[in-house]
Amino acid sequence: MTRFRILLAEDDPDLTLALRVLLTRSGYEPLHAPDGREALRLLFAERPALMILDIGLPGLDGWEVLERTRDLSDLPVLLLTARGAESDRVRGLRAGADDYLPKPFGNDELLARVEALLRRTAPTHWAGETYGGDGLRLVPERRSAVWQGHEARLSDIEYRLLQLLVRNRGRVITTDQLLDRVWDDPEGTGRERVKFAVLRLRRKLRQAAGDEAADPLEAVRGLGYRYRPEGAEPPEGLPEDARGGPHGPDAGDQGP
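With the first letter of the sequence shown counted as 1, position 54 gets the number 54 in the UniProt record's numbering; the numbers rise by one all the way through.
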């Protein structure tokens, strides 16, 4: 059985000890960094499968560590935030964190979030998928999208998000459906992360094409998002599984 290495960037010695014991007993191999500089050193020396990152690190703080990590890697990052402050959560999602967990938290919830992140970032072995006629091609082995002849490297979440929208081309996929299928969050407890993931994805596609107007993703006010090929007319209605049910449209979601 594979023992995933998890980088724990946390300066609180008591919390560090508790988390190292918890992760070890759960079958993981924890690596500890008490400050931001050590976190970056271990990140590139040990190549962990996931990082649990406290934003309040000494030296280089968690924000700087996250920014430098995202410059070079799509490593899944679980951000630990103090008191669950909304401003911290929003800033973390904008900066590229994959998930967040406010302090204090329970052991079971932390392990569940770690398992979900590792499950989503497991290597895939799908055949190449090509969607012709509108200039988009997905490249699963590189976890990237070729848009209008230019490649955009995507994070695992961004790739899964785009793949789901493309497979349902022209159809609205609600925010709650995206949380369920991409984030494995059927309860819809982190709805704002969808908005920021779509913003990052759209920015990457536009930058790759060198055209700020080039963007095949569309936010449908109060409903969700859809992939709309160039020149395609929007279909009437929603996909069958988006009409009602516990994860149906949420009139409060305004999109990006």
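Don't be surprised by glycine CBs; every beta carbon is placed ideally from N, CA and C.
Inset, instruction - Just tell me which of D12, G170 and V139 has its CA closest to the CA of R160. - result: Ranking the options by Cα distance to R160, first place goes to V139.
Legend entry - For P34, the three-state DSSP class (helix, strand or coil): P34: coil per DSSP, three-state reduction.
Inset, instruction - Take P235 and list the residues in its own chain whose beta-carbon comes closer than 7 Å to its own, dropping the five residues that flank it on each side. - result: In this prediction, P235 has a pLDDT of 47, which is less than 50 and means its spatial position is unreliable; what the coordinates show is noted afterwards. Hits under 7 Å: G170 and R171.
Legend entry - Minimum length 3: unbroken beta strand (DSSP E) runs contained in the UniProt domain "Response regulatory" (5-118): As summarised for the UniProt domain "Response regulatory" (5-118), the continuous beta strand (DSSP E) elements at least 3 residues long and confined to that stretch are 5-9, 29-33, 50-54, 77-82 and 99-103, given in chain order.
Inset, instruction - Could you check the C-alpha separation between G193 and G92 for me, to the nearest Å? - result: According to the sequence shown, residue 193 is Arg rather than Gly. A direct Cα-Cα distance of roughly 10 Å separates R193 from G92.
Inset, instruction - Let me know the beta strand (DSSP E) ranges lying completely inside the UniProt domain "OmpR/PhoB-type" (126-229), each 3 residues or longer, listed in chain order. - result: Whole beta strand (DSSP E) segments, 3+ residues: 129-131, 136-139, 144-147, 150-153, 217-220 and 224-227.
Inset, instruction - Starting from the C-beta of E29, find all residues in its chain whose C-beta is less than 6 Å away, skip the five residues before and the five after it, and write them out in chain order. - result: Hits under 6 Å: R3 and R5.
Inset, instruction - Given a cut-off of 7 Å, decide if R70 and N36 are closer than it, judged by their beta-carbon atoms. - result: Just to set this straight, residue 36 is Gly in the shown sequence, not Asn. Not in contact: G36 and R70 (Cβ atoms no closer than 7 Å).
Legend entry - Cβ neighbour criterion (16 or more within 10 Å) applied to F105: Its Cβ having fewer than 16 others within 10 Å, F105 is exposed.
Inset, instruction - Using the Cα positions of R68 and D12, report the straight-line distance between them to the nearest angstrom. - result: For R68 and D12, the gap between their C-alpha atoms comes out near 22 Å.
Inset, instruction - Classify R120 as helix, strand or coil using the three-state DSSP reduction. - result: Judged by DSSP in its simplified three-state form, R120 adopts helix.
Legend entry - Buried versus exposed, by CB contacts within 10 Å (16 or more), F196: Buried: at least 16 other Cβ atoms inside 10 Å.
Inset, instruction - Please say whether L15 and L53 have beta carbons closer to each other than 7 Å? - result: Going by beta carbons, L53 and L15 fall outside the 7 Å limit.
Inset, instruction - Would you tell me roughly how many angstroms separate the C-alpha atoms of G135 and D108, rounded to the nearest one? - result: When rounded, the distance between both Cα atoms is 44 Å.
Inset, instruction - Give every residue of the same chain whose Cβ lies closer than 7 Å to the Cβ of V182, excluding the five residues on either side of it in the sequence, and list them in chain order. - result: Taken in chain order, the residues that qualify are I157, R160, L161 and L164.
Inset, instruction - Assign E10 to one of two classes, buried (16 or more other C-beta atoms within 10 Å of its C-beta) or exposed (fewer than that). - result: E10 counts as buried, since no fewer than 16 other beta carbons sit within 10 angstroms of its beta carbon.
Legend entry - Residue of D61, V77, L60 and T81 minimising C-alpha distance to R47: With respect to the C-alpha of R47, the residue from D61, V77, L60 and T81 having the closest C-alpha is V77.
Inset, instruction - Could you name the residues of the same chain whose beta carbon sits closer than 8 Å to that of L31, not counting the 5 residues immediately before and after it, in chain order? - result: Within the same chain, L31 has close Cβ partners R5, I6, L7, L8, L42, E46 and P48.
Inset, instruction - Could you check how far apart the C-beta atoms of S144 and D74 are, in whole angstroms? I think they sit under 8 Å. - result: The pair is not a contact, with the Cβ atoms about 11 Å apart (cut-off 8 Å).
Inset, instruction - Name the residue from A39, L50, Y227 and D180 whose alpha carbon lies nearest to the alpha carbon of G59. - result: The option with the nearest alpha carbon to G59 is A39.
Legend entry - Proximal residues to H125 (C-beta, below 7 Å), its chain only, five neighbours per side dropped: Any reading at H125 is ruled out, since the residue's pLDDT is 39, under 50, leaving its predicted position unreliable.
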